[in-house]
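All residue numbers for the sequence shown refer to our numbering, where the first residue is 1 and numbers rise by one.
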Amino acid sequence: MTKNTKEHIYYIKGMHCASCEVLIEKKLLELENIKSVEASATKSELLIEYKDKKPPIEKLNEFFKKEGYVFSDQPRKAMNGFKSREFFITLGIGFLVIIGFIGLNKLGLTKLINVSSKSSLPMFFAFGLLAGISSCAALVGGLILSMSKQWGELYSDADSTWKKIQPHLIFNAGRLISYGVLGATLGIIGDKLNFSLKFGPILVIIVSIMMISLAFQMFGFKTFRKFQFTLPKFITRFIANESNLRVVICHF
Numbered sequence: 001m002t003k004n005t006k007e008h009i010y011y012i013k014g015m016h017c018a019s020c021e022v023l024i025e026k027k028l029l030e031l032e033n034i035k036s037v038e039a040s041a042t043k044s045e046l047l048i049e050y051k052d053k054k055p056p057i058e059k060l061n062e063f064f065k066k067e068g069y070v071f072s073d074q075p076r077k078a079m080n081g082f083k084s085r086e087f088f089i090t091l092g093i094g095f096l097v098i099i100g101f102i103g104l105n106k107l108g109l110t111k112l113i114n115v116s117s118k119s120s121l122p123m124f125f126a127f128g129l130l131a132g133i134s135s136c137a138a139l140v141g142g143l144i145l146s147m148s149k150q151w152g153e154l155y156s157d158a159d160s161t162w163k164k165i166q167p168h169l170i171f172n173a174g175r176l177i178s179y180g181v182l183g184a185t186l187g188i189i190g191d192k193l194n195f196s197l198k199f200g201p202i203l204v205i206i207v208s209i210m211m212i213s214l215a216f217q218m219f220g221f222k223t224f225r226k227f228q229f230t231l232p233k234f235i236t237r238f239i240a241n242e243s244n245l246r247v248v249i250c251h252f
């Protein structure tokens, strides 16, 4: 911090992950008097370095109204809680899905979409397509929509359709390659390891605990946010920088 700048900490309601941190930092750096920004979803805090006057709370709340972030100068207990209504609705939907699956299993319908060691390769391929479509829509659907808007703005003046679709092609090519490499790696590891009857259920319990922990993180339980695994800040900031994206595109 230089002599001409000051620091201030804001408290934010609505941050859930590293993507929230990058989004907030990126938008705030667009303001002229903001020199540096450091957001922390784990602490629900934002440290800014600014010149002259600090941005007022009202301006920040209006600036991030569309994204749903709420700023405050003082920490509030309500920020560390969770939305009980959404929690119980999701819990109810989860129970309905479990009951529906049990019902389909009793009717023998789950065997139609089940794969085993005796299944053919086309069956595995079809099952992979089905799982990929559902999981990709849930995991990266929102990311693709937001990035598509950003890419559309960046390349709105492009003189050809090829230039406009290049970011989408590069993104999906990278996603497919990484999924393929990771899937092959897991397949090789699984082929080499022989899980015993005792270790199998233990592994299922461990994975279930991890999934439950992720769910509690999304519902706003601050304790579970301490166990988040994220990329280093310098990597996420590099990816979010549009100028870096332009450099990558120019090499194709």
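Idealized CB from N, CA, C, for every residue including glycine.
So the alpha helix (DSSP H) residue i belongs to, where does it begin and stop?
| i | result |
| --- | --- |
| residue 193 | Segment: none, residue 193 is in no alpha helix (DSSP H) and carries neither H nor E. |
Spatial neighbours of residue i within its chain, please: CB distance less than 8 angstroms, with the 5 preceding and 5 following residues excluded, ordered by chain position.
| i | result |
| --- | --- |
| residue 177 | none |
| residue 37 | 24, 25, 28, 29, 46, 47, 48 and 49 |
| residue 158 | 164 |
| residue 78 | Confidence in residue 78 is poor, its pLDDT being 47 and thus under 50, which makes the residue's placement unreliable; the coordinate value appears in the next sentence. Taken in chain order, the residues that qualify are 13. |
Have a look at residue i and residue j and give me their C-alpha separation to the nearest angstrom.
| i | j | result |
| --- | --- | --- |
| residue 53 | residue 33 | 8 angstroms |
| residue 190 | residue 201 | 15 angstroms |
| residue 179 | residue 128 | 12 angstroms |
| residue 186 | residue 100 | 30 angstroms |
| residue 155 | residue 208 | 42 angstroms |
| residue 6 | residue 51 | 6 angstroms |
| residue 71 | residue 61 | 6 angstroms |
| residue 66 | residue 151 | 19 angstroms |
| residue 175 | residue 125 | 18 angstroms |
First and last residue of the beta strand (DSSP E) that includes residue i?
| i | result |
| --- | --- |
| residue 72 | 70-72 |
Per DSSP, what kind of secondary structure is residue i in: helix, strand or coil?
| i | result |
| --- | --- |
| residue 75 | coil |
| residue 158 | coil |
| residue 88 | helix |
| residue 273 | Coverage of the chain is limited to positions 1 through 252, which leaves residue 273 absent and any answer about it impossible. |
| residue 208 | helix |
| residue 118 | coil |
| residue 108 | coil |
Would the C-beta of residue i count as close to the ligand FMN, meaning under 7 angstroms from any of its heavy atoms?
| i | result |
| --- | --- |
| residue 216 | The ligand FMN is not part of the structure shown, which contains no ligands of any sort. |
- Query: Taking the runs of the alpha helix (DSSP H) that are 4 residues or longer, which of them lie wholly in the stretch 5-60?
  - Reply: 18-28
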